[in-house]
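Here is the structure we will look at, set down as C-alpha cells.
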Amino acid sequence: MGKHRPTSSSLSGGGDNANDNKHEQKLQAVLFADSFTNTFRPITLDSKAKVLCPLNNVTMLDYSIEFLAGAGVEEIFVFCVHGADEVERYVFQSSWSNVLQVHCVKDATCATPGDALRELDKRGLVRSDPFVLMSGDVITNVDLRLALDAHAKRRKADSSAIMTMLLKPVGPPSSGGSSACVRPASEDLVVGLHPQTHRILMYDDRPHVATLKIPCDFFQACNSTIEIRNDLMPIGVDICSPEVLSRFSDEFDYRHIYKQFVHDTVAEEEEGLQSKIYAHLLANPCEYGARIVDFRTYHAISRDIIRRWCYPVGVDNLPSGYEKNYRYVMQRHFVYREVFGEPGTRIARSTQIVSDTIVGANVQIGERCIVQGTVIGNYCEIGNDVSLKDCHLWEKVCISDNVKIEGCVLCDGVVIRSGATLGTGCIIGKGCIIGENAVIPPFTRITLCVKDEEGDEYDDA
Numbered sequence: 043m044g045k046h047r048p049t050s051s052s053l054s055g056g057g058d059n060a061n062d063n064k065h066e067q068k069l070q071a072v073l074f075a076d077s078f079t080n081t082f083r084p085i086t087l088d089s090k091a092k093v094l095c096p097l098n099n100v101t102m103l104d105y106s107i108e109f110l111a112g113a114g115v116e117e118i119f120v121f122c123v124h125g126a127d128e129v130e131r132y133v134f135q136s137s138w139s140n141v142l143q144v145h146c147v148k149d150a151t152c153a154t155p156g157d158a159l160r161e162l163d164k165r166g167l168v169r170s171d172p173f174v175l176m177s178g179d180v181i182t183n184v185d186l187r188l189a190l191d192a193h194a195k196r197r198k199a200d201s202s203a204i205m206t207m208l209l210k211p212v213g214p215p216s217s218g219g220s221s222a223c224v225r226p227a228s229e230d231l232v233v234g235l236h237p238q239t240h241r242i243l244m245y246d247d248r249p250h251v252a253t254l255k256i257p258c259d260f261f262q263a264c265n266s267t268i269e270i271r272n273d274l275m276p277i278g279v280d281i282c283s284p285e286v287l288s289r290f291s292d293e294f295d296y297r298h299i300y301k302q303f304v305h306d307t308v309a310e311e312e313e314g315l316q317s318k319i320y321a322h323l324l325a326n327p328c329e330y331g332a333r334i335v336d337f338r339t340y341h342a343i344s345r346d347i348i349r350r351w352c353y354p355v356g357v358d359n360l361p362s363g364y365e366k367n368y369r370y371v372m373q374r375h376f377v378y379r380e381v382f383g384e385p386g387t388r389i390a391r392s393t394q395i396v397s398d399t400i401v402g403a404n405v406q407i408g409e410r411c412i413v414q415g416t417v418i419g420n421y422c423e424i425g426n427d428v429s430l431k432d433c434h435l436w437e438k439v440c441i442s443d444n445v446k447i448e449g450c451v452l453c454d455g456v457v458i459r460s461g462a463t464l465g466t467g468c469i470i471g472k473g474c475i476i477g478e479n480a481v482i483p484p485f486t487r488i489t490l491c492v493k494d495e496e497g498d499e500y501d502d503a
C-alpha cells in the first residue's frame, strides 16, 4: 500500500473548463475528525482526538476511510480541530490505496460543524459535485454508490436538489434488534417525507417541542399526503452539492448541519426559491449505519459488529493494513481471538470466556476469571478471580486479582489494584491508577487531565 503525506494547505479551485471535464472530476469527501460535542470526555481531554480512539481494537478513523475508499472516493479532506497534529501523523503513517489521497485540514478556531464548512468554502478545497460529507465516528456498510446515483439523477433533473441524507429506520430501545440502542437517547427526530420522491418536507429533532407545524402548501405538492415518521435516524453520511457550502457561508448563524441548516432549508415555503433535500432510506435490513455519539452508542455499535450485524465490517475482517499485524478467528458464541501473534497470549484453563468477547494480541488472563461481552485490547494483563462484563479495555491495561468491573471503559495504560470494584458506566482515563480495595461509584469519570473551563461548549477536546 502507498503512503500519502497529508497536507493542510489550501488547494485552488477548478479552472474555466470545469464544466467540460465534469465527468472526469474525482469524487471527494469531507470527513470530520471532531464531533464538536463533549460527550466523549474525559477521554478527549487526554490529547487524543475522538477518531483515534479504538473500537474493537481498530481505530475509528480507519473504519471511515475504508468505507469511503470502497465507495469510490478518490480524495478525502480530514477536517481537524482538536488533536490535529496527532491525526495528521496517524494519516501519514497509515497505508492506503494508490488511488486514494488523504489531506488533513487543520483549523483550531472552528467550534461547530458550521464553522468547519465555512472554512472549507473559504479555502475552495471541495470541487466535486457531489461530494460526501461524513462524520469520522460513523460505522456503516452501506453501498453508497446507489445513493450517489440517485442524487445525481435528481440533481440533473432539478438543480435545487442540493443534498441527500442517509436515514436508517430504527426502533425504540425496548424493541431489541441490531439498531435498538444505536439511536442517541437525547434524539427525538420527526421527519416529514414526500411519499413517492422521499423529499424531506419537515425535519424537527427538538425533544422539548410538543407540537409541529406543516405548511399547507406542502400538502398540495404531495397530493394531500405527507408521510410522518419518528423511526428514522441520520447515520452521519450525506451527499451534498457545493451549494451547501455556499449556504453556510451566507448564513453565519448556522452552527449545526441537521438541527439548523436542514430544519430551516426544508421549511422554506416560497416556490421557486426552495433548496430541496431528499432522504435515502436504508430499507435493506442488511444495511447498517450508526454514529458513535456517546459511550452508550459506543458499546452498542461494538456489540453489533461483534454479532456481525454490520458485515462485511467485522472483527475478523479488518480494514486495510491491519492484516500485516493482526488476524482474528471467531469461535463459538461470538468469541474472537487474535491468532497472528497468539503464542504471546495465555488464558488460564479455569477462566471462562462466555460470549461476545474479543481477546487481543499478547493478552495474559489468570485463573478463575469470568469474561463476558468485553473487548480486551493488546498487551493487557488480567490477574486471578477477575470478573469483567460489558467492558472495553484498551491497550496495556493491567488488572490485579479479585477485581470486579461491569460496563466500564478503561483507556490505555490504566492500572486497577487488587480488590477494587468499579460501578457500571465508569470511564477511567489514560494512565489512571485505581488503588487497592477502592470502590468507584457508578458513572464516575476519572482523568489525569485538568478540565479547560474556558473551552468552548461545543468542543469535544
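Residue numbers (this note's numbering): 43 to 503. Think of the CB as a built atom: it goes at the ideal place given N, C-alpha and C, for glycine as much as any other residue.
- Query: Touching or not, the stretch 315-331 and the stretch 232-244, by the rule of three or more beta carbon pairs under 8 angstroms?
  - Reply: yes
- Consult DSSP for Gln5 and reduce its assignment to one of helix, strand or coil. Outside the shown range of the chain (43 to 503) lies residue 5, about which nothing can therefore be said.
- Task: Measure how close the beta-carbons of Ile476 and Arg459 come, nearest whole angstrom, since I'm counting them as under 8 angstroms.
- Result: Here the question's residue 476 lines up with position 434 in the sequence shown. Here the question's residue 459 lines up with position 417 in the sequence shown. Sure, about 6 angstroms apart at Cβ, within 8 angstroms.
- Message: For Thr86, report the span of its beta strand (DSSP E) as first-last.
- Response: Position 44 of the sequence shown, counting from 1, holds the residue named residue 86. Where Thr86 is concerned, there is no enclosing beta strand (DSSP E), given that its DSSP letter is neither H nor E.
- Task: Mind checking who Phe121 pairs with in its DSSP beta bridge?
- Result: As a first step, residue 121 must be located in the sequence shown, where it is residue number 79. Phe74 and Val147.
- Would you kindly report the start and end of the unbroken beta strand (DSSP E) that includes Ser106? Taking the first residue of the sequence shown as position 1, residue 106 is located at position 64. First-last for Ser106: Met102 to Gly112, but that is the alpha helix (DSSP H), not the beta strand (DSSP E).
- Contact set for Thr486: own chain, Cβ-Cβ below 6 angstroms, skip 5 residues either direction: Within the sequence shown, numbered from 1, the residue matching residue 486 stands at position 444. So the list reads Cys468, once near-sequence residues are dropped.
- Query: Does the stretch 90-98 touch the stretch 334-350, meaning 3 or more C-beta pairs lie closer than 8 angstroms?
  - Reply: yes
- Would you give the residue range spanned by the alpha helix (DSSP H) that Gln135 belongs to? Here residue 135 refers to the residue found at position 93 when the sequence shown is read from its first residue. First-last of the alpha helix (DSSP H) with Gln135: Ala126 to Gln135.
- Quick one: any contact between the stretch 174-186 and the stretch 322-333, if contact means 3 or more CB pairs under 8 angstroms? yes
- Local conformation of Gln238 per DSSP, three classes: Working through the sequence shown from its first residue, we reach residue 238 at position 196. Coil at Gln238, not helix or strand.
- Query: Going by beta carbon distance, what residues of the same chain come within less than 6 angstroms of Thr489, once the five residues before and after it are set aside?
  - Reply: The residue given as residue 489 occupies position 447 in the sequence shown. Result list for Thr489: Pro84, Leu87 and Gly471, in chain order.
- Using alpha carbons as the reference points, say which of Thr387, Ile395, Asn367 and Glu365 lies closest to Gln373. For the purposes of this step, residue 373 is identified with residue 331 of the sequence shown, where counting begins at 1. The residue with the shortest Cα to Cα distance from Gln373 is Ile395.
- Message: Could you give the first and the last residue of the continuous alpha helix (DSSP H) run that contains Phe290?
- Response: Position 248 of the sequence shown, counted from the start, is the residue given in the question as residue 290. Counting along the chain, the alpha helix (DSSP H) containing Phe290 begins and ends at Glu285 to Asp292.
- Neighbourhood of Gly356 by C-beta, 7 angstroms cutoff - its chain only, sequence neighbours within 5 removed: By 1-based counting over the sequence shown, the position of residue 356 is 314. Counting only Cβ-Cβ distances below 7 angstroms, and skipping sequence neighbours, we find Ile347 and Arg350.
- Message: Quick test of your reading: Ile281 and Val168, contact by CB under 8 angstroms. State the CB separation rounded to the nearest angstrom.
- Response: Numbered from its first residue, the sequence shown carries residue 281 at position 239. Numbered from its first residue, the sequence shown carries residue 168 at position 126. Their Cβ separation, rounded to whole angstroms, is 13 angstroms, which puts Ile281 and Val168 out of contact at 8 angstroms.
- Task: Express the C-alpha separation of Lys255 and Lys148 in angstroms, rounding to a whole number.
- Result: Here residue 148 corresponds to residue number 106 of the sequence shown, with the count starting at 1. Here residue 255 corresponds to residue number 213 of the sequence shown, with the count starting at 1. If you take the alpha carbons of Lys148 and Lys255, they lie about 40 angstroms apart.
- Message: Assuming contact is defined by CB atoms lying nearer than 9 angstroms, are Tyr245 and His305 in contact in what I supplied?
- Response: As a first step, residue 245 must be located in the sequence shown, where it is residue number 203. As a first step, residue 305 must be located in the sequence shown, where it is residue number 263. In contact: Tyr245 and His305 (Cβ atoms closer than 9 angstroms).
- Could you tell me how far apart the beta carbons of Ala390 and Ile418 are, in whole angstroms, since I believe they sit closer than 8 angstroms? Here residue 390 is taken as the residue at index 348 of the sequence shown, counted from 1. Here residue 418 is taken as the residue at index 376 of the sequence shown, counted from 1. Not quite, the Cβ-Cβ distance comes to about 14 angstroms (not below 8 angstroms), so this is no contact.
- Considering Glu161, what are the terminal residues of the alpha helix (DSSP H) in which it resides? Here residue 161 is taken as the residue at index 119 of the sequence shown, counted from 1. Residues Pro155 to Arg165.
- Task: Within 10 angstroms of the Cβ of Asp171, are there 16 or more other Cβ atoms? Answer buried if so, exposed if not.
- Result: Sequence index remark: in the sequence shown, residue 171 carries index 129 (1-based). Counting Cβ neighbours within 10 Å, Asp171 comes out buried, since at least 16 surround it.
- Item | Cβ-based neighbour list, Pro327, same chain, cut-off 7 angstroms, excluding 5 preceding and 5 following | Position 285 of the sequence shown, counting from 1, holds the residue named residue 327. Same-chain partners within the cutoff: there are none.
- Item | Residue(s) in a DSSP beta bridge with Gln406 | Sequence index remark: in the sequence shown, residue 406 carries index 364 (1-based). Answer is Arg388 and Glu423.
- Item | Beta-carbon gap between Leu287 and Leu110 smaller than 9 angstroms | In the sequence shown, residue 287 corresponds to position 245, counting from 1. In the sequence shown, residue 110 corresponds to position 68, counting from 1. Contact: no.
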